[in-house]
Structure formats: C-alpha cells, structure tokens
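Take a look at the structure below.
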Amino acid sequence: MNLSKPLITLLMTSCIPLSHAELVPMDDGLLSEYTGQAFITIDNYNVTQTTAGFSGQPEEIDTEFYRINIGADMETHLSIDNLELGKFDRYENGEPCPASGCDPSRLQEVNDADISVKDFALGHYEKLSDGSVIDHPFKTVNPFLEFAFENRPDGTREVIGFRIGFEQAGGVFSGDIQSLTGNIDVLIKGTEWVFGFIPVQVEGQAYLQYGEDGDQNGENSGSLDPIRANFIGILDGDDISAGLIPDSYLLEITPEDCRTSTGTDTCQPLNKFQSMEVGKASDNGMVNNFFISSQSKDIAWAIDPNGNLNPSYGNNVRTGNKTMVVDENFTQTFLGAFMNIPSGGLELNPHETVEGLPRQPTRYTDAALGLF
C-alpha cells in the first residue's frame, strides 16, 4: 500500500501531543536565574590588507569577514576517494596563469591541483590481536565556516574566499598525497643511531619543499615550496640540532641539497607518509587553527576574530615566490586552495622521517581497496 506524502505528514503530526500555554513576560529577577550560551554565533569584522589576484599585481582591499561558529565538540570518520581542490593552471613558480591562458614559453606546474590526495580519510580504526576493533575518530572542537568578501569603492562586493576550520582538532589524517599547498609544519624529534650504535638526539622543523632533483630546471633543491609541493623535509640552510642528551644540543647540522654531511636524506616524498597524527606534537593531542580554504585572491585569515585585526607586513618568511605574513594573529593563504596545519600539529621521529609511515585502517572493511 502506498501512502502519499501529505497523508504521511498528517499521520505523523497527528501523533504529536498539542499543548497550549499563554506567553507571559519575565522580569529581570526571573531572567537572572537562568544562564545559557548560544550554540551558533556569528562574528563579523573588517580587515584592510594587501593582496594579489590572478593579475599578480599587489593591491590594498577592504575585506569583510563573516565567521559562523558552532560551539560543539565533534567526532567523525570521513573518507573521500579522491580529494582535489584548486584545479587550474599555474606556472612552475606557483604564479597562476592569466585567464587568457599560460605563456607557452614558461614552464607550468606538473601537478594540476593545489591539493590532491587519493583515499583521503580522517580518523582510523585499530585492530587488536584478539580480532576486536577500537574506534579512533578524528576529534574537533568548535568548528567554523568563514566567508571573505571584498568591499569595492563603487559599493559592490564579491565573495573572494571560504574556509572550513576548527578551533582545535586532533586525530589521524590519511591519504596518498600527490600535492599539497599550504602551511604544513612537522616537528622532527627523537633518537638517530649514528653508525648503527651511537644514540644521538636530534630535533628540526620540516616544511613543504622541493626534492633532491629540485624544480623542472633542476634548481632550488631543498628550498621551500608551499604551492603544489610533493616533498617535505628540513630546508637547506636550516639547522638540525643534535646532542647526546635530549633537549641539550651541542651540535648544529645544516643540510645541503637535501642531504646531511653523514649522508642522511632530508627531503622525502609526501606519499611516503600514508597516515599522520594531527596534534601529536602538542600536550593535549590537539592543534589550534586547523583549516582548509579556497580563495580567488591571496587572503590573510584572522586566527581570532576578537583579537588584533591589523596584519603586519613588515617581516616575511621564505615562501619561494610568495610572501607569507609573519603575524601571530593571521594566517596568510594564497590564491587557490590551502591547507593549514600549524606548528605543534605533526611530529615524526628520525626513523619515521626516512622510512615513512604506513596507512592506518580507516574503514572496517576495505578489502576492495586494500586499505584495511
């Protein structure tokens, strides 16, 4: 027997008990007995910032932001067969090609998307020796959605950016990473066995970079590559601290062309790391300001919409052909797609850095994909 939608609706509503109550005003004394907090809040703020679009020309714009905050703790398992964001033509140096098309005399990016991850997943499962399975979801605190508008002098405005993020996040992030664009800081810390029997404590900071072969011209080996990178490691010129006692380092080792003086590779392909734990380097297993964004112009996103909203462009860090704001109140992103996992988010020991990390089980049954 088939029931029409109106009939089903009528049957459902007929089961709901009805009550009638008169609305009465509440005085201040009665109101003071109740406290509460909004589940969803909205922040609205303006920032004047220097940016650049497809033209590549810097300009100062009035940017208005609307941030929708969801006051909740959430746990999730998420799987995407093929995550691709920011798919458009770029030159080798990360500069976007104009709308008229790429200049054929210039080298183009080999990777065709800013973020490209096959078999992307958040959260994992742990299978014990007795056959039981422990659920380890990806945990988030206070998720938010944020939109960026450009307010133009003629009174019109346009959406130029969007991001989804979390005040705090922690858990296992898995995937076969083809390319990444963004701010991905990895702390490398632990014991390195020199000559196979001397334990040396080492510590260094890894970033997205060019590999040993460099770019398509064979240049920039070991240099920072924040746009469509497929390698990560200690940058050439950065120091690796080493010593016989943890946190008491007596020696600084500086890599050159992706290699230390002892022959250790310092540049590793991203797809060697099939699962990484976000928040591992922090005390509470969570990292602040984890987000993925998409923007049609370079945008500085505020970390705290209630904090200092005047970005400082006085000092810059190395980002190849791009400029990133050094400002604790903002995260600078580039035109296209961007992933932000800031310092304290990821940690590897020296062995994991060289050998890579296998994929953790991300589904109960992954026989067809070979993921479990």
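When the letters of the sequence shown are read in order and numbered with mature numbering (1 follows the signal peptide of the UniProt record, and there is no 0), they come out as residues -21 to -1, 1 to 351.
Positions of the beta carbon are idealized from the N, C-alpha and C atoms, including for glycine.
For Met265 and Pro178, the rounded distance between their alpha carbons:
Using only the alpha carbons, I get a separation of about 30 Å.
In the DSSP output, which residue or residues are listed as bridge partners for Tyr104?
For Tyr104, DSSP records a beta bridge to Asp114.
Alpha carbon to alpha carbon, what distance is there between Ser111 and Gly299?
Note that Gly299 has pLDDT 41, beneath the 50 cutoff, so the model's placement of it is unreliable and the number below is only indicative. Between Gly299 and Ser111, the C-alpha separation is close to 48 Å.
Complete alpha helix (DSSP H) runs within the region 180 to 242 (minimum length 4 residues, chain order)
Entirely contained in the region 180 to 242, not one alpha helix (DSSP H) run reaches 4 residues.
Out of Ser58, Gly190, Asp192, Asn289, which one is the CA nearest neighbour of Phe152?
Checking every option, the nearest Cα to that of Phe152 belongs to Ser58.
Straight-line gap, Val165 to Glu137 (C-alpha atoms, nearest Å)
Rounded to the nearest whole angstrom, the CA to CA distance from Val165 to Glu137 is 35 Å.
Considering only the alpha carbon of each residue, which of Glu39, Asp215, Phe174, Pro340 lies closest to Gln188?
Nearest to Gln188 by alpha-carbon distance, out of Glu39, Asp215, Phe174, Pro340, is Asp215.
Since Val257 and Phe269 should fall inside the 8 Å C-beta cutoff, what is the C-beta to C-beta distance between them, to a whole number of angstroms?
Yes, they are in contact, since the Cβ atoms of Val257 and Phe269 sit about 7 Å apart, within 8 Å.
For a quick check, are the C-beta atoms of Asp93 and Thr160 less than 8 Å apart?
Cβ distance < 8 Å, so Asp93 and Thr160 count as in contact.
Does the distance from the CB of Arg142 to the CB of Ser275 come in under 8 Å?
Contact flag unset, no.
Can you name the residues that DSSP bridges to Val138?
Partner(s): Phe128.
Answer yes if the region 123 to 139 comes into contact with the region 36 to 49, meaning at least three C-beta pairs across the two stretches below 8 Å, and no otherwise.
Below 8 Å, enough C-beta pairs join the region 36 to 49 and the region 123 to 139 to call them touching: three or more.
Counting C-beta neighbours from all protein chains within 10 Å, is the total for Gly65 16 or more, i.e. buried, or is it exposed?
By the neighbour-count rule (16 or more Cβ atoms within 10 Å), Gly65 is buried.
Does the beta-carbon of Asn199 have 16 or more other beta-carbons within 10 angstroms, so that it is buried, or is it exposed?
By the 10 Å Cβ count, Asn199 comes out buried.
Among Glu63, Pro77, Leu107, whose alpha-carbon lies nearest the alpha-carbon of Asp91?
Per the Cα distances, Glu63.
Compare the Cα-Cα distances from Asp133 to each of Thr170, Ser254, Asp41 and report the closest residue.
Taking only the C-alpha atoms, the option nearest Asp133 is Asp41.
Pull up the distance between the alpha-carbon of Thr239 and that of Asp109, whole angstroms please.
In this model, Thr239 and Asp109 are separated by some 43 Å (Cα to Cα).
Considering only the alpha carbon of each residue, which of Met318, Leu101, Pro83 lies closest to Thr55?
Closest in C-alpha terms to Thr55, from the list Met318, Leu101, Pro83, comes Leu101.
Closest to Gly80 by C-alpha separation, out of Gln147, Asn72, Asp68, would be which residue?
Looking at the Cα atoms, Asp68 is the closest of the given residues.
Pick from Asp82, Gly315, Val120, Glu38: whose alpha carbon is nearest that of Arg207?
Per the Cα distances, Gly315.
When we look at the beta-carbon of Pro77 and count the other beta-carbons within 10 Å, is it buried (16 or more) or exposed?
Label assigned to Pro77: exposed.
What did DSSP end up calling Thr20 once you bin it into helix, strand or coil?
The answer is strand: DSSP assigns Thr20 an E or B state.
Is it the case that the Cβ atoms of Val181 and Ala148 are separated by a distance below 8 Å?
No, the pair does not count as a contact, with Cβ atoms beyond the cut-off.
Residue range of the unbroken beta strand (DSSP E) whose run includes Val165
Unbroken beta strand (DSSP E) run through Val165: 161 to 173.
So, using beta-carbon positions, are Tyr104 and Pro248 closer together than 8 Å?
Going by C-beta atoms, Tyr104 is not nearer than 8 Å to Pro248.
Residues in its own chain within less than 6 Å of Asp277 by CB, not counting five upstream and five downstream?
The residues are Thr30, Ala31, Phe313, Leu314.
Here's a check: name, in chain order, each residue in its chain whose Cβ is nearer than 6 Å to the Cβ of Asp22, leaving out the five neighbours to either side.
Contacts found: Arg46, Pro284.
When burial is assigned at 16 or more other CB atoms within 10 Å of the CB, is Pro83 buried or exposed?
Classification for Pro83: exposed.
Reference Asp218; option with closest CA among Asn209, Leu230, Ile211
Closest option to Asp218, Cα to Cα, is Leu230.
Short of 7 Å in beta carbon distance, which residues of its chain neighbour Gly193, apart from the five on each side in sequence? Order them along the chain.
The beta carbon of Gly193 lies closer than 7 Å to those of Asn199, Ser200 in the same chain, with the five residues before and after it left out.
Proximity of Pro329 and Ile167 at Cβ, strictly below 8 Å
Note that the C-beta distance between Pro329 and Ile167 is below 8 Å.
Decide if Gly197 is buried, meaning its Cβ has at least 16 other Cβ atoms within 10 Å, or exposed.
Exposed, because fewer than 16 other Cβ atoms sit within 10 Å of the Cβ of Gly197.
Please go through the same chain and pick out, in chain order, the residues whose beta-carbon is closer than 8 Å to the beta-carbon of Asp236, but skip the five residues on each side of it.
Hits under 8 Å: Glu191, Ser200, Gly201, Asp215.
Does the beta carbon of Thr29 fall short of 7 Å from some heavy atom of the ligand PLP?
Absent from the structure shown: the ligand PLP. Ligands present: none.
Taking residue 360 as the reference, which of Thr135, Gly242, Asn162 has the closest Cα?
The requested residue 360 does not occur in the structure, where the chain is confined to residues -21 to 351.
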